[in-house]
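FYI, the numbering for the sequence shown is 21 to 736, going by the working numbering. Virtual Cβ for every residue (Gly too), placed ideally from N, Cα, C. Structure first, commentary second.
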Amino acid sequence: MASSHDENEDIFDDEMAGEEASEPPPVNKRKNSGKSSSSVPPKPRKRIAHRAEVWKLFLHNRPDDPMCFCRSCDVEIACDSKVNGTSAMKSHIAHCKLYKASQESGTQQVLRADSSGVVTALRFDKGIFRRSVNEMIVLNELPFSFVESEGFRRFCHNVIPMYTVHCRKTATEDIFKMFLQEKASLKKLFSCDKKRVSLTTDIWVAPTTSISYMVVTSHWIDVNWDLQKRILSFKPITDHKGDTISAHLISCLEEWGIEKVFTVTVDNAKGNDKALKVFTDCLRLKGDKALVKDGAYLHMRCCAHILNLIVRDGLAHVRQSIIAIRNGVKYVRSSPDRLKTFEIRLDAGKVSRDSLSMDCITRWNSTYLMLTAAIKLRVGFENMRANEIPYNKYFEEEEENGEERVGPPTESSWDEVERFVKFLRIFFNSTLRFSASKTVTSTICYEEVVNIERNLILLSNNKDVQVRQEATTMRLKFEKYWDGLINMNPLVIIACVFDPRNKMRFATRCFDSLYGKDSFESKLLKTSIKKVMRDLYEEYVLENKHLHGEEAVVNGSENAEEPSVAFDLSDDEYERMDSLYSDMDDEDDNEEVSSELDIYLMEKQEPRDKKNSLGLNYNVLSWWKRNSAKYLILSELAKDVLAIQVSSVASESAFSTSGRILDPYRSCLSPHMVESLICSQQWLRNSIHSEAKLASLAQMLEELDFHESLEKATET
């Protein structure tokens, strides 16, 4: 019975809501004047819309049905307007226990059948629904006016008619209160546990108002050995000078009650160097525990930003060739006929639109994917240029801005882009790993730096003269940003050592690979890194004297699987680090054992292909969680080292060539409300273990293929 009226529950409202109620035509009391009554057809009587409030509590199968159903208990009630009126409905509501319960508690029971057909009663809670709507606005970056939109109100009317949707002002107030409540609980967390945190900071721009915002994010590893991340501040700044940035950092720490900082990851802007010097001086005034080693290793460079700078320079050099290929792809994708012509010229089977993806010009990862796909179909484009008159005429047309259209891509254009894609692939894979925000990235940073350096060296010895020149240029820029590699922040290398699969053996192999075995540079790096590690360990021994002799309770559970690189684009000239891993197993360190650090470095490293009991990939935090009782002091140092962020931006921003930009809707809000939304969104995503992710290549192609199948279905 319930199903019969559920699917028709809003028929009455749809048909009657737009009609004006009218009185029935007056009865002509005069006698017939002699004219035939059939000569004047009677006017059709309009249906009268139900005006009584009680109708909101009942459902109709159809407008003229003499029976209706209670929305609360599903009881059938007579409602014929000529016989019953609304008295029966009012009488029922006065005695309906479910309706009374829903009014008293603000909840309503709803019947739901599971996959096995078992029907259970779920309780509708208005408070939970209202909060969920507010969370949806925050998570999906919807405007506050969404709750007043026609579509959402119609949805609520049809699905949950017992709920009165709140207005945009109420939603705004609710979201701001939610932000303040969560902020208060986070402040309590920081005040109770005086933990040391690593920070990242970056600048965002609101295009509508041209206001610059500075975001400050904290990172730490909690008592359960889970990596935590919270945005602390998203406030407007007047300029990008060092004094302004440092003042905002200090103000943020004071607001949150944070007293100890391990590292601060920033991009390569000039103002950041001065900012961190001023910031370090201010933290020194807060006591000896505010900084580690007096802030000598506080400054971390954003790896993703360094790669982005190099890529942007490279993109500028081959800009015209990329535009020509982009225009060629646009032409082929613009119509089914052109795509079919391209298939004929390719002479290699069917080609779909998803085989030739367009790029977003401000995201170089999408440009890399477009070029990679187009290069595989190069023959088709070259045949089009040689034989297709419409294709060539397309490039004789002007663009919408009046400029000449670039193209078609020539042989030299294809050669130039093919060379550049070799470099893009290196930076693409490394950027994906650098910018992960839910997994530890500090342990893989030095591995990726060495990997990039080794591949640039490999390409600098390429047979192609232009490849050699480009590789040499990129390598000089890369080493410049990293202070010549040998002078980089030692924590980049030390974090690699705190991966039990690497320890000091892997770092030593990297030194030998870059500078030659037993070379002066290799020996110097090995000695200096060990010294820095011992100095750090000794400082943590003094700071954690209370841990001596205590027992730690350790849970050996494994964490979630670490995401791997999303694209498998093999290339004979692209070299990973596997050759160095295989050489580590036979090495032994014969050094005197006198501390936890010595024991850790002396013991054999974990196998690289090892998985946990659940078959999940190796997780460095799980290993330290299980072994924290063995390494009481060293594990405290490991917590801070592993929490270091090697990128100040998340994956969704790491590939952007236009900087971090707020969406137009948020740009129009007040700065305080912008901060409330940005912080609340990240805090909510953390609570539900979610994050904004870039769609993988497979996902994008699958989506395009699905769209194409819908289009073909309509054609047939």
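Look at the Cβ atom of residue i, then the Cβ atom of residue j, and state whether they are nearer than 9 Å.
i, j, result
"Cys302", "Ile270", "yes"
"Thr392", "Ser667", "no"
"Arg628", "Ser533", "no"
"Val661", "Ile514", "yes"
"Ala658", "Phe518", "yes"
"Val331", "Leu444", "yes"
"Leu335", "Trp384", "yes"
"Ser218", "Trp245", "no"
"Lys249", "Asn706", "yes"
"Ile180", "Phe199", "no"
Could you have a look at residue i and say whether DSSP puts it in helix, strand or coil?
i, result
"Ala295", "helix"
"Leu366", "helix"
"His260", "coil"
"Lys497", "helix"
"Ser232", "strand"
"Lys249", "strand"
"Asn421", "coil"
"Lys360", "helix"
"Glu571", "With a pLDDT of only 39 at Glu571, under the threshold of 50, the placement of this residue in the model should not be trusted; the figure read from the coordinates follows. Reduced to three states, the DSSP call for Glu571 is coil."
"Trp276", "helix"
"Glu490", "helix"
"His325", "helix"
"Ser355", "coil"
"Cys90", "strand"
"His186", "coil"
"Asp30", "Confidence is the limiting factor: at Asp30 the pLDDT is only 37, short of 50, which leaves the residue's position unreliable, though a coordinate-based value still follows. Reduced to three states, the DSSP call for Asp30 is coil."
"Ala267", "helix"
"Ile664", "coil"
"Met693", "helix"
"Thr285", "strand"
"Met508", "coil"
"Trp240", "strand"
"Ala406", "helix"
"Met378", "coil"
"Ala191", "helix"
"Val460", "coil"
"Pro627", "coil"
Report buried or exposed for residue i, applying the criterion of at least 16 other Cβ atoms within 10 angstroms of its Cβ.
i, result
"Asn509", "buried"
"His112", "buried"
"Asn52", "Only weak support exists for where Asn52 lies, its pLDDT of 44 falling under 50; the value from the coordinates is given anyway. Looking at its Cβ environment, which holds fewer than 16 other Cβ atoms inside 10 Å, Asn52 is exposed."
"Phe448", "buried"
"Pro227", "exposed"
"Leu562", "exposed"
"Gly11", "This structure does not reach residue 11, given that the chain is present from 21 up to 736, and the question cannot be answered."
"Cys99", "buried"
"Ala572", "No answer about Ala572 holds up, because its pLDDT of 36 lies below 50 and its placement is not dependable."
"Lys309", "exposed"
"Pro760", "Residue 760 lies beyond the stretch modelled for the chain, which goes from 21 to 736, so this question has no answer here."
Taking the continuous alpha helix (DSSP H) assigned at residue i, which residues delimit it?
i, result
"Leu389", "384-396"
"Phe540", "540-563"
"Phe443", "431-454"
"Ile113", "107-115"
"Phe531", "523-535"
"Leu305", "Taken as a continuous stretch (DSSP letters only), Leu305 belongs to no alpha helix (DSSP H), as it is neither H nor E."
Measuring CA to CA, which of the options is closest to residue i?
i, options, result
"Ser480", "Thr221, Asp538, Leu79, Met494", "Met494"
"Thr229", "Asn412, Ile257, Ser238", "Ile257"
"Ile278", "Gln625, Lys413, Arg216", "Arg216"
"Ser386", "Ile180, Leu452, Glu423", "Leu452"
"Phe440", "Tyr388, Gln701, Lys500", "Tyr388"
"Val487", "Ser457, Ser455, Glu436", "Glu436"
"Met378", "Ile343, Arg358, Glu408, Val399", "Ile343"
"Val235", "Glu363, Val284, Glu417, Arg358", "Val284"
"Asn154", "Ile180, Lys197, Gly171, Glu170", "Lys197"
"Ala663", "Leu247, Val74, Val243", "Leu247"
"Asn412", "Pro428, Phe401, Leu641", "Pro428"
"Phe172", "Glu161, Asn160, Val185", "Val185"
"Trp75", "Lys102, Lys110, Asp84, Glu616", "Lys110"
What residue range does the beta strand (DSSP E) around residue i cover?
i, result
"Val226", "Contrary to the premise, residue 226 reads as Ala rather than Val in this sequence. Residues 216-226."
"Phe518", "Taken as a continuous stretch (DSSP letters only), Phe518 belongs to no beta strand (DSSP E), as it is neither H nor E."
"Leu79", "78-80"
"Glu96", "96-98"
The ligand ATP heavy atoms versus the CB of residue i: any closer than 8 Å?
i, result
"Val561", "In terms of ligand content, the structure shown is empty, and the ligand ATP therefore cannot be addressed."
With 9 Å set as the bound, which would you pick, yes or no: does the beta-carbon of residue i sit closer than that to a beta-carbon of chain C?
i, result
"Leu389", "Here there is only one protein chain, and chain C is not present."
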